[in-house]
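To start, the structure under review is shown below, and the notes come after it.
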Amino acid sequence: MRNFEWTEPQTVEQALAWLAKANGKAVLMAGGTDLFTEIKEGVVEPDLVIDLTSIPGLASIQREETGVRIGALMSVAGLAADAMIKRDYPGLSEAAGSLATPQLRNIGTVGGNLCQRPRCWYYRDAQMVCRKKGGSQCFASKGRNKYHAIFGGGICHIVYPSDLAPMLIALDSQVTLSSPRGDRSLPLAEFYALPSKNIRRENVLAPDELVREVKIPPAKKGTRSTYVKLKERETWDFALVSAAVRGTVSGGGLGDVAIILGGVAPVPWRLAKTEAALKGKKLTETLIKDALRVDLQEAKPLEENGYKLQLVEAAVSRALLSVTGGK
Ligand SMILES: Cc1cc2nc3c(=O)[nH]c(=O)nc-3n(C[C@H](O)[C@H](O)[C@H](O)COP(=O)(O)OP(=O)(O)OC[C@H]3O[C@@H](n4cnc5c(N)ncnc54)[C@H](O)[C@@H]3O)c2cc1C
Numbered sequence: 002m003r004n005f006e007w008t009e010p011q012t013v014e015q016a017l018a019w020l021a022k023a024n025g026k027a028v029l030m031a032g033g034t035d036l037f038t039e040i041k042e043g044v045v046e047p048d049l050v051i052d053l054t055s056i057p058g059l060a061s062i063q064r065e066e067t068g069v070r071i072g073a074l075m076s077v078a079g080l081a082a083d084a085m086i087k088r089d090y091p092g093l094s095e096a097a098g099s100l101a102t103p104q105l106r107n108i109g110t111v112g113g114n115l116c117q118r119p120r121c122w123y124y125r126d127a128q129m130v131c132r133k134k135g136g137s138q139c140f141a142s143k144g145r146n147k148y149h150a151i152f153g154g155g156i157c158h159i160v161y162p163s164d165l166a167p168m169l170i171a172l173d174s175q176v177t178l179s180s181p182r183g184d185r186s187l188p189l190a191e192f193y194a195l196p197s198k199n200i201r202r203e204n205v206l207a208p209d210e211l212v213r214e215v216k217i218p219p220a221k222k223g224t225r226s227t228y229v230k231l232k233e234r235e236t237w238d239f240a241l242v243s244a245a246v247r248g249t250v251s252g253g254g255l256g257d258v259a260i261i262l263g264g265v266a267p268v269p270w271r272l273a274k275t276e277a278a279l280k281g282k283k284l285t286e287t288l289i290k291d292a293l294r295v296d297l298q299e300a301k302p303l304e305e306n307g308y309k310l311q312l313v314e315a316a317v318s319r320a321l322l323s324v325t326g327g328k
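For my numbering, count along the sequence shown from 1 and bump the result up by 1.
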């Protein structure tokens with residue numbers, strides 16, 4: 002591992018000043034559970050690590066009239082255990098509780114979770130100079146691709162590994178980014194970028210920006226949410242496929258609905274056509290299967306990951322029937 006400098010800013014402004022000064026050679030660190038894997042593996046070789054954990058005020062969950070604000074340094078364990086989150090946004094509590102191990106949830110943060118890097122074994126291997134690292138090919142497209150994307154791949158087949166991102170997008174969250182130019186807020190769905198937009202990064206964060214907080218709008222009456230995560234192992238694991246669903250039930254049918262998948266694409270993947278086909282309907286397993294058909298026809302599975310199509314059906318059906326009380 003290459004030596005690096007270390008700094009512990011006490012304010013967001015100080016952190017941003019360090020980031021600007023290092024001119025692309027610094028990395029931000031929250032819990033470090035993902036970052037240090039990358040540094041130890043030689044995938045990232047920073048000159049400077051900016052430890053955000055000494056900055057006060059970013060590790061809280063605040064309820065306001067306009068919704069709930071979750072600071073970037075809030076721990077994943079704290080989010081999972083929060084009584085108000087459990088009551089009003091149960092799917093978010095489930096997503097946080099499904100992540101990694103108790104130790105990693107204690108140290109890992111919400112901001113770090115939303116900005117973590119892909120787990121693709123070619124990307125994580127310092128010797129493999131894939132497109133994401135400035136090379137000319139995606140080794141997964143013709144290589145070992147069991148865990149890779151079935152949607153949105155094209156030039157790079159990573160899947161975005163975050164458990165919190167699909168659920169926060171299903172809840173219509175906004176993310177606030179801070180830079181020397183001030184703060185800007187955007188829908189979390191627009192924070193993520195496909196490889197065709199930016200092959201080197203998975204999001205639109207500028208080099209001099211950091212994630213300050215996430216805002217979730219107030220939970221509407223009658224709205225329910227759930228997170229179904231399908232893994233290869235019973236113990237800690239990343240999602241092979243996950244389904245984050247928020248929905249309201251009105252007049253016996255499904256009202257407003259959001260279905261966002263994890264583990265299937267380089268960004269959290271919305272099933273907009275399935276949502277439209279199900280709106281206003283009383284759900285059955287057959288109806289859900291039929292509704293999914295159009296979105297699933299757009300999938301482009303690779304040689305080893307066609308099994309994900311069946312997992313999508315299973316995860317989405319389970320999640321939808323759970324929020325509508327069908328099962
Ligand atoms: C064994 C293992 C299992 C895991 N399982 C899961 C899992 O099941 N689901 C899952 O979602 N994740 C999983 N992870 C990934 C990771 O541990 C979690 O996502 C965790 O929440 C990351 O948070 P962190 O604070 O430790 O991030 P860090 O490691 O500190 O940072 C991660 C990345 O985000 C950047 N970053 C951090 N904070 C900010 C900020 N405020 N603004 C801008 N950039 C920032 C860092 O520069 C870095 O690139 C796992 C990791 C390991 C090692």
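Each residue gets a CB set at the ideal place from its N, CA and C atoms; glycine is no exception.
Quick check on this structure: which residue in Gly-112, Leu-93, Ala-21, Glu-65 has the alpha carbon closest to the alpha carbon of Leu-36? For the residues Gly-112, Leu-93, Ala-21, Glu-65, the minimum Cα distance to Leu-36 belongs to Gly-112.
Rounded separation between Arg-132 and Ala-194 - CA only: So the two alpha carbons sit approximately 15 Å from each other.
Kindly provide the ranges of any beta strand (DSSP E) runs that are 3 or more residues long and lie completely inside the region 25–105, ordered along the chain. Segments of the beta strand (DSSP E) lying fully in the region 25–105: 27–30, 49–52, 62–65, 68–72.
Would you decide whether Asp-184 is buried or exposed? Buried here means 16 or more other CB atoms lie within 10 Å of its CB. Flag for Asp-184 reads exposed.
Near Ala-240, what residues of its chain come up, given a Cβ to Cβ distance below 7 Å and the 5 sequence neighbours on each side ignored? Asp-164, Lys-230, Leu-231, Lys-232, Gly-263, Gly-264.
Kindly give me the distance between the Cβ atoms of Tyr-228 and Ser-99, rounded to whole angstroms, as I take these residues to be in contact under 8 Å. Separation of the CB atoms of Tyr-228 and Ser-99 is rounded to 6 Å, and the pair is thereby assigned contact status at 8 Å.
Taking Pro-167 as part of the alpha helix (DSSP H), name the residues at either end of that continuous run. Where Pro-167 is concerned, the enclosing alpha helix (DSSP H) stretches over 165–171.
Could you tell me the alpha carbon to alpha carbon distance between Met-75 and Glu-65, rounded to whole angstroms? Just so you know, the alpha carbons of Met-75 and Glu-65 end up roughly 17 Å apart.
Beta-bridge partners of Trp-270, as assigned by DSSP: The beta-bridge partner set that DSSP reports for Trp-270 consists of Leu-262.
Around the C-beta of Leu-189, are 16 or more other C-beta atoms found within 10 angstroms, so that it is buried, or is it exposed? Classification of Leu-189: buried, given that the 10 Å Cβ count is 16 or more.
Any idea what DSSP makes of Leu-241, helix, strand or coil? In the three-state reduction of the DSSP assignment, Leu-241 falls in the coil class, being assigned neither a helical nor a strand state.
Just reading off the beta strand (DSSP E) that Lys-230 is part of, what are its end residues? Note, Lys-230: beta strand (DSSP E), 224–231.
Heavy atom of ligand 1 within 7 Å of Asp-83 beta-carbon: False, no ligand heavy atom lies under 7 Å from that Cβ.
Using a threshold of 7 Å, is the CB atom of Ile-159 nearer than that to any non-hydrogen atom of ligand 1? With a cut-off of 7 Å, the C-beta of Ile-159 is classified as distant from ligand 1, since no heavy atom of the ligand falls inside that distance.
By a C-beta neighbour count over all protein chains shown, 10 Å radius and 16 as the cutoff for buried, is Trp-270 buried or exposed? So Trp-270 ends up on the buried side.
Closer than 7 Å by C-beta to Asn-146: which residues in its own chain qualify, once you throw out the five before and the five after it? Chain order, please. Same-chain partners within the cutoff: His-158, Leu-303, Glu-304, Glu-305, Asn-306.
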